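Heads up, the thing below is written out as structure tokens.
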């Protein structure tokens, strides 16, 4: 099991590398920046072989969170749109039924 101190060391390296890349360059290509950070962290020798997956997840977590948020937002909007459409159909149907009933009376 990985020592918490060792994990903290490579996480701090990832954070500082990302911060320096963001301040030094145009960060329009997020994927390239992530790959540079990952290469720096993995080449440092601070990440034990048993924690490689953790290091990759750590480096990609911000984009993963952003993409997950975007996906959930899109799904929510789509679902709300379908619910709104169906609700309008129900209201229109009831309105038509009321008008027909009023005309028969």
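In the UniProt record's numbering, the protein residues as written are 1 to 105. Beta carbons are placed, not taken as given, at the ideal position from N, Cα and C, and that holds for glycine. Bear in mind that the values here come from a model prediction, so they are computed numbers and not experimental data.
Please identify the residue among 7, 41, 8 whose C-alpha is closest to the C-alpha of residue 18. In terms of CA proximity to residue 18, 41 leads the group 7, 41, 8.
Closest by C-alpha distance to residue 54, when choosing among 100, 105, 14: The shortest Cα separation from residue 54 among 100, 105, 14 belongs to 14.
Proximal residues to residue 63 (C-beta, below 7 angstroms), its chain only, five neighbours per side dropped: Only 30, 34 meet the Cβ criterion.
Mark residue 76 as exposed unless 16 or more other C-beta atoms lie within 10 angstroms of its C-beta, in which case mark it buried. The residue in question, residue 76, is exposed, as its Cβ has fewer than 16 Cβ neighbours within 10 Å.
My guess is that residue 6 and residue 46 are in contact by the Cβ rule of under 8 angstroms, so how many angstroms apart are they, rounded? Residue 6 to residue 46, Cβ: 7 angstroms. Contact.
Roughly how many angstroms lie between the CA atoms of residue 61 and residue 22, to the nearest whole one? Approximately 16 angstroms between the Cα atoms of the pair.
Short check: CB of residue 11 to CB of residue 58, under 8 angstroms? Yes.
Relative to the C-alpha of residue 4, which candidate in 65, 48, 94 has its C-alpha closest? The option with the nearest alpha carbon to residue 4 is 48.
To test your reading of the DSSP string, which unbroken alpha helix (DSSP H) runs of 4 or more residues are found completely within the region 2-28? DSSP runs (the alpha helix (DSSP H)) wholly in the region 2-28: 4-24.
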